[in-house]
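In UniProt numbering, the protein residues as written are 1 to 179. Backbone N, C-alpha and C fix where the C-beta goes; we use that ideal spot for every residue, glycine too. Remember, it's a predicted structure, so these values are computed and weren't measured experimentally. Heads up: the structure comes next, in structure tokens.
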């Protein structure tokens, strides 16, 4: 099932979510028209478990809406179990080729720590065709993993990140953190 942040595309959305359907999963979008750069969905597993999944786009410097996606993410009050997106920021925590970081990257790391999210990306696998890791996946569930793959080729200059979230996973507090 595919989700878009907008119901009408007068403004082109810069994020989309795809969740593979499975028996017992109930998917719904929790915020519409929040921004063309952010999607919030909830995945329910039965009556007792919900997983918040957020996808966002943070436009790079000198582009329309530069930094707005990150500002929106940092001020949202809820705590998702998964956050992924094209953040257009570099930091040695997620990019082994980065030699410096910005205040925005540091703010994202602090926010992720407050939300008990761990980074899933391998630090040595670039997500952009000009090298570097600009796309990141965070999760608070043990056993969640992501892989950077060219298996699902798009015409994008970014690689696809495939994330697997265990539906019966414990919170990340029971494993060492990487942040």
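Within the same chain, 3, 5, 15, 17, 55 come within 6 Å of residue 39 by CB-CB distance, once the 5 residues on both sides are set aside. Note: residue 54 is bridge-paired with 40, 83 in the DSSP secondary-structure output. With respect to the C-alpha of residue 113, the residue from 146, 74, 145 having the closest C-alpha is 74.
Between residue 58 and the set 23, 105, 47, the nearest pair of CA atoms involves 105.
Secondary structure of residue 103 (DSSP, three-state): helix. Rounded to the nearest angstrom, the gap between the Cα atoms of residue 46 and residue 23 is 10 Å.
Around the beta carbon of residue 146, 16 or more other beta carbons lie within 10 angstroms, which makes this residue buried. In this structure, the beta-carbon distance from residue 161 to residue 148 falls below 8 Å. Annotated three-state conformation of residue 66 is strand, per DSSP. The criterion of a C-beta distance shorter than 8 Å is not satisfied by residue 42 and residue 13.
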